[in-house]
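Q: The numbering used here puts the first residue of the sequence shown at 6, with every later residue one more than the last.
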Amino acid sequence: MSELNKIELQFKDKIKAYLNQNSFNTWVKPLKIVQIENDKVSIQVPSKIHIDYIKGQYKSVFEKTLSEILARENPVIKFLIDADTDFSFEHKSDIDTQTKKTKILPKTRVAPYKETSLNPKYTFENFVSGNGNETAYVSSLQVAKNIKNTQYNPLLIFGGVGLGKTHLVSAIGNYVFNNEPDRNILYLSSDILVQQLVTHIHKNTIDDYKTYLCTKDLIIIDDIQFLAKKEKSMQELFHIFNHIYNSGGQIVMTSDFHPNEIHDLDDRLKSRFKMGLITDVRPPDLETRAAIIRLKAEEINFNLEDDIVMFIANNINTNVRDLEGAVKKLYFYYSHFNKEIGINKAKEILKELITSKKSTLNIDKIQDIVSEFFSIPKDLLMKKTRTKEIADARAVAMYLCTTQLKATTTSIGVHFGGREHSTVSHAANKIQKKLNNKDPEVTKMIEEILNVINLSTC
Ligand code: ADP
Ligand code: MG
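Set out below in structure tokens:
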């Protein structure tokens with residue numbers, strides 16, 4: 006192994022400690038240290054995005070790590086883009102980087118992250134679809150299979166943190182990458198998009214950027230909630246979206262919230278989003294949680310007994326990232342101490358994780374639990390919808406809020422879309438009456454929901 010390779014290995018090893026696995030795979034793994042000359046370290050990266058991102062996010066970590074390894078006080082990092090750069094639209098003189106002079110190699114397909122910035126690890130095959138994410142899953146698959154001909158353009162997936170949004174939209178990209186090699190794909194997190202928009206607005210090259218984006222068949226923009234308030238960027242983005250749309254490109258996006266709930270998001274962007282499909286991901290139900298835990302264990306060849314799987318599924322209902330965290334924690338113990346894990350040991354290892362994930366009960370949590378129980382979108386509990394199913398679920402949620410919390414009917418009303426306190430009392434009384442009359446269906450339902458509430462807060 007050459008000296009450079011050794012240093013590169015050491016460097017990556019050290020950086021790993023600062024980044025999560027995804028970020029490491031995307032931003033650091035593909036880097037190559039190609040030259041070290043005195044204080045100057047030349048690092049080859051797959052694209053300009055890498056340079057922007059690394060400079061924005063990891064500059065000091067990079068410098069610190071290299072300084073430790075090379076025993077030099079202030080190493081200077083120089084980035085080179087390799088021959089396959091995805092940013093050929095840039096005027097070379099505009100970038101403060103050099104394109105590495107390499108002999109032209111025959112063009113071969115490179116790994117997705119290199120060509121598209123996609124994380125190759127997220128696929129449809131390793132995504133568990135179930136209650137909570139089914140619509141998002143099916144529409145993503147539809148888009149992936151009919152990339153130039155979908156009715157869902159743009160597709161926007163919204164929902165809480167750690168529920169699989171990035172996974173699903175990346176799966177669309179990876180599917181197209183693998184099945185339609187001629188398609189041009191680009192994954193952008195919204196902070197990178199904003200950075201690029203700002204740079205191009207500043208340099209007056211926004212038309213080049215638009216032209217460049219229009220060469221893409223599929224553009225994935227992750228976490229668009231961060232676009233809020235970036236007014237100039239949003240204006241440009243609106244025009245860019247129209248351009249891409251008119252040139253037949255598919256746009257796929259994720260957001261932590263429904264566009265209506267992102268304050269300061271351009272109204273024209275919102276209505277553009279609504280021309281496609283907006284779908285949500287919600288926390289998985291028990292069965293889906295168990296399936297996810299099994300899959301995550303299987304992926305690392307870790308044999309987990311059923312009682313442990315169910316223990317995790319029953320006790321962690323926040324999001325999938327936390328489920329994954331629990332599996333990894335057990336696996337760490339198992340591989341570190343080389344010991345089989347029984348249910349009691351598992352409980353002990355996960356004790357801290359579980360207590361910290363259990364929050365105290367509040368109105369929001371009751372609404373989450375009730376909407377999951379009835380399989381209806383939570384926001385409908387707050388809206389004016391009067392269909393029987395929604396009205397019943399709303400009444401149950403109001404009943405539980407009045408009996409399980411020390412909240413006044415006035416404050417409960419506020420959390421249900423600004424309803425009057427008398428509406429809350431009326432709904433809660435209706436359920437109470439049915440319980441008093443021993444209505445079997447309502448009694449069983451309330452019992453079951455209370456069980457879930459107890460599980461998630463005990
Ligand atoms: P989000 O973008 O919604 O915050 P991510 O897509 O980053 O969430 O998901 C967090 C983690 O959980 C990732 O490792 C992802 O692979 C995993 N994950 C989420 N949902 C599922 C699912 N339904 N099946 C398998 N893994 C999932
Ligand atoms: Mg995400």
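The beta-carbon is built from N, C-alpha and C at its ideal position, and this holds for glycine as well. If you're wondering where the values come from, they're calculated on a predicted model, not measured in any experiment.
#1: Sort out for me which residues DSSP pairs Lys45 with in a bridge.
#2: For Ser380, which option in Ala433, Leu355, Gly135 has the closest C-alpha, if you only look at C-alpha atoms?
#3: Give, in chain order, every unbroken run of the beta strand (DSSP E) that is at least 3 residues long and sits entirely within the segment 237-303.
#4: Are there 16 or more other CB atoms within 10 angstroms of the CB of His205, so buried, or fewer, so exposed?
#5: Counting Cβ pairs, one atom from each stretch, are 3 or more of them under 8 Å apart for the segment 198-214 and the segment 153-168?
#6: Over the uninterrupted alpha helix (DSSP H) stretch that includes Ile177, give me the two end residues.
#7: How many angstroms separate the CA atom of Ile100 from the CA atom of Ile86?
#8: Is it buried or exposed, Met280, if we count other Cβ atoms within 10 angstroms and call 16 or more buried?
#9: DSSP three-state call for Phe307: helix, strand or coil?
#10: Cβ of Asn459 within 7 Å of any heavy atom in the ligand ADP?
#11: Among Leu71, Lys45, Val181, whose alpha-carbon lies nearest the alpha-carbon of Lys17?
#12: How is the alpha helix (DSSP H) around Phe163 delimited, first residue to last?
#13: Going by DSSP, which residues form a beta bridge with Asp227?
#14: Is Val50 near the ligand ADP, in the sense that its beta carbon is under 7 Å from a heavy atom of that ligand?
#15: Three or more beta-carbon pairs under 8 Å between the segment 280-289 and the segment 179-188, yes or no?
#16: In chain order, what residues of the same chain have a beta carbon less than 7 Å from the beta carbon of Ala412, not counting five sequence neighbours either side?
#17: In three-state terms, what does DSSP make of Lys11?
#18: Could you give the distance in angstroms between the alpha-carbon of Val314 and the alpha-carbon of Asn320?
#19: Quick check on Ala400: buried or exposed, where buried means 16 or more other Cβ atoms within 10 Å of its Cβ?
#20: Going straight from the alpha carbon of Asn322 to that of Val257, what length do you get?
#21: Given the structure, does Leu161 come close to the ligand ADP, in the sense that its CB is under 7 Å from one of the ligand's heavy atoms?
#22: Do Ser175 and Asn138 have their CB atoms nearer than 8 Å?
#23: Using three-state DSSP, classify Lys37 as helix, strand or coil.
A: Looking at the atomic coordinates:
#1: Glu42, Val81.
#2: Gly135
#3: 255-260, 282-286
#4: buried
#5: no
#6: 170-184
#7: Summary for Ile100: the model assigns pLDDT 36, below 50, so the residue's position carries little reliability; its value from the coordinates is reported in the next sentence. The C-alpha of Ile100 lies about 10 Å from the C-alpha of Ile86.
#8: exposed
#9: coil
#10: no
#11: The residue among Leu71, Lys45, Val181 with its C-alpha nearest the C-alpha of Lys17 is Leu71.
#12: Taken as a continuous stretch (DSSP letters only), Phe163 belongs to no alpha helix (DSSP H), being part of the beta strand (DSSP E) at 160-164.
#13: Ser194
#14: Val50 has its Cβ no nearer than 7 Å to any heavy atom of the ligand ADP.
#15: The answer is no - the segment 179-188 does not touch the segment 280-289, with fewer than three Cβ pairs under 8 Å.
#16: Ile368, Cys406
#17: If DSSP states are grouped into helix, strand and coil, Lys11 belongs with the helices.
#18: Each residue's alpha carbon lies about 10 Å from the other.
#19: buried
#20: 27 Å
#21: no
#22: no
#23: strand
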